[in-house]
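Chemist:
Protein chains: 4
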Amino acid sequence: MLKIGILNVTGYGGSELVRILHEHPEVQIKSITGRSNAGKKIGEVFPYLDDYPLTIESEVSKKVDLVFSALPHKASAEILGPLVKSGIKCIDLSADFRLPIHLYESVYKVKHPYPELLEKFTYGLPELFKEEIKNADNIANPGCFPTGALIPLSQFYKQNNNENSTVIIDSKTGISGAGRSKNIDFNFSEISDNFSAYSLDGHRHQPEINYHLSRYLKNNEKESYVPQNIIFTPHLSPMIRGIFTTCYIISSKIKNIEIDKKNTTFTKWVKTSPNVKNVRGSNNCLIYSDQPISEKNKTKDDAKAYRMISVIDNLVKGAAGQAVHNMNLMYGFPEKMGLDNLAIYP
Amino acid sequence: MLKIGILNVTGYGGSELVRILHEHPEVQIKSITGRSNAGKKIGEVFPYLDDYPLTIESEVSKKVDLVFSALPHKASAEILGPLVKSGIKCIDLSADFRLPIHLYESVYKVKHPYPELLEKFTYGLPELFKEEIKNADNIANPGCFPTGALIPLSQFYKQNNNENSTVIIDSKTGISGAGRSKNIDFNFSEISDNFSAYSLDGHRHQPEINYHLSRYLKNNEKESYVPQNIIFTPHLSPMIRGIFTTCYIISSKIKNIEIDKKNTTFTKWVKTSPNVKNVRGSNNCLIYSDQPISEKNKTKDDAKAYRMISVIDNLVKGAAGQAVHNMNLMYGFPEKMGLDNLAIYP
Amino acid sequence: MLKIGILNVTGYGGSELVRILHEHPEVQIKSITGRSNAGKKIGEVFPYLDDYPLTIESEVSKKVDLVFSALPHKASAEILGPLVKSGIKCIDLSADFRLPIHLYESVYKVKHPYPELLEKFTYGLPELFKEEIKNADNIANPGCFPTGALIPLSQFYKQNNNENSTVIIDSKTGISGAGRSKNIDFNFSEISDNFSAYSLDGHRHQPEINYHLSRYLKNNEKESYVPQNIIFTPHLSPMIRGIFTTCYIISSKIKNIEIDKKNTTFTKWVKTSPNVKNVRGSNNCLIYSDQPISEKNKTKDDAKAYRMISVIDNLVKGAAGQAVHNMNLMYGFPEKMGLDNLAIYP
Amino acid sequence: MLKIGILNVTGYGGSELVRILHEHPEVQIKSITGRSNAGKKIGEVFPYLDDYPLTIESEVSKKVDLVFSALPHKASAEILGPLVKSGIKCIDLSADFRLPIHLYESVYKVKHPYPELLEKFTYGLPELFKEEIKNADNIANPGCFPTGALIPLSQFYKQNNNENSTVIIDSKTGISGAGRSKNIDFNFSEISDNFSAYSLDGHRHQPEINYHLSRYLKNNEKESYVPQNIIFTPHLSPMIRGIFTTCYIISSKIKNIEIDKKNTTFTKWVKTSPNVKNVRGSNNCLIYSDQPISEKNKTKDDAKAYRMISVIDNLVKGAAGQAVHNMNLMYGFPEKMGLDNLAIYP
């Protein structure tokens, strides 16, 4: 049995790790931390974990084999640094090990406490980088928006020569993406029956999308296809979980293209436009694309745009579930172990 | 492997059975029916079941060992009657086999198609009747409101002599309790940001509560404790799943009582008032009670009322999960098999 | 034109006052305060008030005729005290002037800064105390739960001799009742698809209900009817606005009673059970009662319980709308002035 | 007093007309129809209109001066045809008189019953065609999505020469846009905690956007600016009211442009991205635009895209409120008469 530690179990990412790992037959959670709740039994914070035999500690035990960190960025690296150096394997759900040092520091406006460890982390998006993950010691788990955008975009660009294209990523996220936070903007009375856009002057996940899409295309010798212009608009929708991503690829060169619709373990092409309830509580990503749009809309003879849609559960495929998938790949467990439950509907 | 059939898989009760049985290692779903969808693959109706290898049939296969019926009342008995007679075991989620014939026909205003089979069904509320269930061939699975009310009330009356008491059951249910129906009253625009009571001239679940509470108390030789006056008010709350039941027991005889708070496999006493999210997606029932109320409120020296709260997921403990629990008891499987997942939070 | 000041315009009670007074032809808002936003234009806090020509001040102008306070208790009395003494009329939406001094201090656990001013305030529930309000200089505006409970209960007890009765008040409130607060418990992800009870060890509105119901019955020489046992359970329902109150009156003496169903300006008896959307955004209170319950349920020959339901919008009839109604009564304006809009549906 | 008739008062558009016209001092509703409810008092259908002195008729009275039709397309033209011919003025909220005959019949797949009357209707979007509306006898009230899209796009193209541009309109609507319908897809359990796209093979509002944007630009001698490629994606968000429209204009020619941000009576430019709650229940349209995007995102020196956001209440500015605004323009009433209420918040 693999001995697991979880940092910041009291956030939504942390509690979701507990829910998922509870179903995994090859692991045992041995040590959990939570920032202001040290000393409490986990059931005192989350009543539905009432009979879970774990007490929140101020520091994670050094006797674990693998640590998941659900801490915010910077705080995560500060705790993970010494653990990595002591040889404990780590899967970091924060942004701390996802980007090269200069990009990270300019986007997150903080000094990285352990820049020398960046090279020890592998970006954990299995649909793009599965072989690297299998050989990884530590994982930088992707952000929720990048997961929803990179899966469809990588499938598109891998197949289509689209120099000089523009990409619009119009994403709609549930509120749990904001974390278990006290911000008045996430109060039920403010969010319910509302809809808004945010971070219009630049969301931190945009450079993550740009960087890893380019890296993926270069790995696949499709360097010339890297889109030169990616516009990302995150929106808040009054739902608890889920990210719905509508992508538009605009290029003068799109013409009678066919993308290769290959399913992977958790990513499936569907024939009708999916909705977020189709994946709620599951680790699946569903993708859909109609034919190049302008053909269908008959506004012009030559196609000018391509539309792709993806849906994920931001806390599962967008966070804790993908982290467990990465663990399964690292340790050679079956990919679906602990992750084969159906979506919860309705 | 036990071979399972599901009648009316396209309702919420039926699709929840698929979700739960998917986790059960000792069964295999072999045959499913759905009223207007015969011939379709199940994934055409529920996209999240896209790769589920089942086709909806017009009639359930006779080769199954056990049939779950998620049909509405009357329609359920009409299909189950011949199956029971042919020796196939049945668990009926409808009301058709829960009540004695006269009570059933006066409450549901229909003629029962197979009254002679009523004696072959056992009322499947394990917290009250576990031994009977273990020996049962067929199960009448309880209604959602009766499940939420009978569990706390039976615990109270088993311990306390309260002749002449009045019971108020003020229940609040999520909208999935109304089924996958086209009624305009359940349209999102009508339900969201709203709250209402319904069936104030008598809900069909009230006689079910009265009848089985009396039967339970008589079984336990507490006949004199049967409350003479039970008032039940169902309310609709704008949530998908969950039943929150607030019970009040009013009696001139309540005085310094202590109820014996015994946990069972899925029913747990909790120290602070629970909420429905604590059990969402799980088969648990949480119960809570403060001390007799009037002592606390200091309005009078002698206690006059007792307040109890329970929460369940109406589609799990209130329907499909309890049905699977009953199956586990009938077949000698571990009680939690297929039902040990944690609540989905948030 | 009456010159108006509003204290704490940045809470939900304060912003609702702006919305309602905007429709009132005889008043003009001249001065507004908001705790941490002094110096900002109101449109910077509430974008929908973008062209409202008011700047938030740190202190209310002394040149106004009437001040509405939407401050929390204690803070409200501290600011209102000097204003009352200087002769400015005040309508206080907080609890500070609703209860006698000993009751107030024991319930709210604070020392009242101006106990000598309590006698200068009139409890502003027009359905019970309209004549007093017409002659009042200052108003203690009722709490939201007491408004929803006192209107039906006063109608019942005014007509029925029910010595020794027990009253259950099972209330369900929308989340805006908790104010514009940062508490994580009111985060959308926690509240949505959830339902809970709270303050089970005694909510501050219960003594307010007890005190003013007794006072009303004594005024009407019905002293013997005061119920000896009132049990109040507040619940949180995932909706923005609205209070749904289910009252149960239990007594061995209820028998063939008829309550006098008189409509008042904003309180209306309806023939089917109302829902909160029927009053959203309006100052109406709808009440409904079935016949005494046990007759209908046929469990016994002599009736033992009476059920009444009321619905209000907690921010209008339960706060700002009732405050404006009180102003209309104090100043001799038509009662519906500024308050005659229809409910917003759906 | 203008005498008003309303066709199909029992839909959401019809009931919203009642709510708004209730505030209008120069009109009186004299006659209402509702398809299956003839003979009922309106309060029997909508309890919040309990004391509204109107009975639903099977046919509208011929004694009215102006008829609003909230009927579905085709049914609307069938009833309005004879009324128009008899000289009664009409404002049609359906699509029947918005498009030229060939476009209408190809998009709506029905034969128009009165094609000869198309020329008697004026497209009622005051931000684009106010002078025509002032002189109109009959109004084709715009669709909700076209209202949200045409207001920002017209402002953009009026000022900027953008030949060969592509426009993405990514719209998110509340559920009331689907009407008071029985479709199971709009059941609360399906919509809540969900998000989806629909009509991906072409929504009927897209040709309406294309047609009137072209017409507006030609009127303003900006014919060359007409975008050649408009992609429209409607999404369903779990909220009752509101349309949030995110527009992207992509062109190789966008460079240091400044659009002329003129406010009109109900359309206002705001400095931070608005949300739909900012306009709930009001007739306002708020628009926002950041600088050309690629400048901000620093991906390239020359700007390539422009992002604009608008919010409206689909039932007010997107339907009934705009209809009343059109009436005010036709009859020379002040533009804001009956429409000057503030948004309802929260």
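Residue numbers (our numbering), protein chains in the order written: chain L, 226 to 571; chain F, 226 to 571; chain S, 226 to 571; chain C, 226 to 571.
The C-beta atom is built at its ideal place from N, Cα and C for all residues, glycine as well.
So is I453 (chain S) buried or exposed if we call it buried at 16+ other beta carbons inside 10 Å?
Modeler: Reading off the sequence, residue 453 (chain S) comes out as Gln, not Ile. If you draw a 10 Å sphere on the C-beta of Q453 (chain S), you find fewer than 16 other C-beta atoms in it, and that means exposed.
Chemist: Please state if the CB of P371 (chain C) and the CB of E433 (chain C) are separated by a distance shorter than 8 angstroms.
Modeler: yes
Chemist: Which same chain residues, not among the five before or five after L242 (chain S), have their C-beta less than 6 angstroms away from its C-beta?
Modeler: I231, F293 and A545
Chemist: Excluding the 5 residues preceding and the 5 following G467 (chain S) in the sequence, name in chain order all residues of the same chain whose CB lies nearer than 7 angstroms to its CB.
Modeler: G399, V501, R505, V536, D538 and N539
Chemist: Comparing C-alpha positions only, which one of C:Y333, C:G312 and C:P250 sits nearest to F322 (chain C)?
Modeler: C:Y333
Chemist: Please name the residue or residues paired with Q253 (chain S) in a DSSP beta bridge.
Modeler: S:K228
Chemist: Determine the DSSP secondary structure at H430 (chain L), reduced to helix, strand or coil.
Modeler: helix
Chemist: Quick one: grab the DSSP three-state call for N551 (chain F).
Modeler: helix
Chemist: Can you give me the Cβ contacts of M464 (chain S) inside the same chain, cut-off strictly under 6 angstroms, excluding the 5 residues immediately before and after it?
Modeler: Taking C-beta separations shorter than 6 angstroms and ignoring five residues to either side along the sequence, the partners of M464 (chain S) in its chain run G399, following chain order.
Chemist: For A295 (chain C) versus N363 (chain C), is the C-beta distance shorter than 8 angstroms?
Modeler: Not a contact, by the Cβ cut-off of 8 angstroms.
Chemist: Check A263 (chain C) in the structure and name its three-state DSSP category.
Modeler: coil
Chemist: Would you say E303 (chain L) and T489 (chain L) are within 8 angstroms of each other, going by their C-beta atoms?
Modeler: no
Chemist: Expressed to the nearest angstrom, what Euclidean distance is found between the alpha-carbon atoms of Y473 (chain S) and I394 (chain S)?
Modeler: One alpha carbon belongs to Y473 (chain S), the other to I394 (chain S), and they sit about 7 angstroms apart.
Chemist: Pull up the CB-CB distance for Y273 (chain C) and Y531 (chain S), whole angstroms please, since I reckon it's below 8 angstroms.
Modeler: Contact doesn't hold; Cβ gap of about 25 angstroms is too wide.
Chemist: In whole angstroms, give me the CA-to-CA distance for L279 (chain S) and K443 (chain S).
Modeler: 45 angstroms
Chemist: Whole angstroms are fine: how far does the CA of L378 (chain F) sit from the CA of S576 (chain S)?
Modeler: Missing from the structure shown is residue 576 (chain S); chain S here goes from 226 to 571 and no further.
Chemist: If you pair each beta-carbon of the segment 339-356 of chain L with each one of the segment 406-419 of chain L, do three or more pairs fall below 8 angstroms?
Modeler: At 8 angstroms Cβ cutoff, the stretches do not touch.
Chemist: Is the CB of I530 (chain L) under 8 angstroms away from at least one CB in chain C?
Modeler: Inspection of the sequence shows that residue 530 (chain L) is occupied by Ala rather than by Ile. Proximity of A530 (chain L) to chain C, defined by a Cβ-Cβ separation below 8 angstroms, is satisfied.
Chemist: Give me the Cα-Cα distance between R405 (chain C) and L328 (chain C), rounded to the nearest whole angstrom.
Modeler: 27 angstroms
Chemist: Around the C-beta of V335 (chain C), are 16 or more other C-beta atoms found within 10 angstroms, so that it is buried, or is it exposed?
Modeler: exposed
Chemist: What beta strand (DSSP E) runs, 3 residues minimum, are completely inside the segment 318-349 of chain C?
Modeler: 346-348
Chemist: Would you tell me roughly how many angstroms separate the C-alpha atoms of R457 (chain C) and K447 (chain C), rounded to the nearest one?
Modeler: It should be pointed out that residue 457 (chain C) corresponds to Phe in this sequence rather than to Arg. Each residue's Cα considered, the two are about 22 angstroms apart.
Chemist: Of all the alpha helix (DSSP H) runs that stay within the bounds of the segment 418-487 of chain L, which reach a length of 4 or more residues?
Modeler: 430-444
Chemist: Listing by chain order, which chain L residues have their CB less than 8 angstroms from the CB of V309 (chain C)?
Modeler: Residues of chain L passing the Cβ test: none, with the nearest at roughly 33 angstroms.
Chemist: Going by other Cβ atoms of all chains shown within 10 Å of its Cβ, with 16 needed for buried, is I358 (chain S) buried or exposed?
Modeler: buried
Chemist: Suppose the cutoff is 7 angstroms on Cβ atoms and the five residues either side in sequence are ignored; what does the same chain contact list for P441 (chain C) look like?
Modeler: In the sequence as displayed, the identity of residue 441 (chain C) is Tyr instead of Pro. L353 and S379, listed in sequence order.
Chemist: Provide the residue(s) that pair with K542 (chain S) in DSSP beta bridges, ordered along the chain.
Modeler: Looking at the DSSP assignment, K542 (chain S) forms no beta bridge with any residue, so it has no partner.
Chemist: Check the Cβ of S331 (chain S) against every Cβ in chain F and list those closer than 7 angstroms, keeping chain order.
Modeler: None at all; the shortest Cβ gap to chain F is about 11 angstroms.
Chemist: The beta strand (DSSP E) that contains Y570 (chain C), what's its start and end?
Modeler: Premise fails: Y570 (chain C) is in no beta strand (DSSP E) and is neither H nor E.
Chemist: Checking 8 angstroms against the spacing of the C-beta atoms, do E251 (chain S) and F558 (chain S) come in under that value?
Modeler: Yes, the Cβ-Cβ distance between E251 (chain S) and F558 (chain S) is below 8 angstroms.
Chemist: Under 9 angstroms Cβ-Cβ, which residues of chain F neighbour P559 (chain L)?
Modeler: Result: empty, since nearest Cβ-Cβ is about 15 angstroms, beyond 9 angstroms.
Chemist: Do you know offhand how far S311 (chain L)'s Cα is from L343 (chain L)'s?
Modeler: 15 angstroms
Chemist: Note down the Cα distance separating D485 (chain S) from I376 (chain S), rounded to an integer number of angstroms.
Modeler: 13 angstroms
Chemist: Within 8 angstroms (strictly less), CB to CB, does K314 (chain F) reach chain S?
Modeler: no
Chemist: Is Q253 (chain F) buried or exposed, if buried means 16 or more other CB atoms sit within 10 Å of its CB?
Modeler: Q253 (chain F) is exposed by the Cβ-count criterion.
Chemist: Closer than 7 angstroms by beta-carbon distance: list the chain F residues that pair up with E415 (chain S), in chain order.
Modeler: Residues of chain F whose Cβ lies closer than 7 angstroms to the Cβ of E415 (chain S) are, in chain order, P571.
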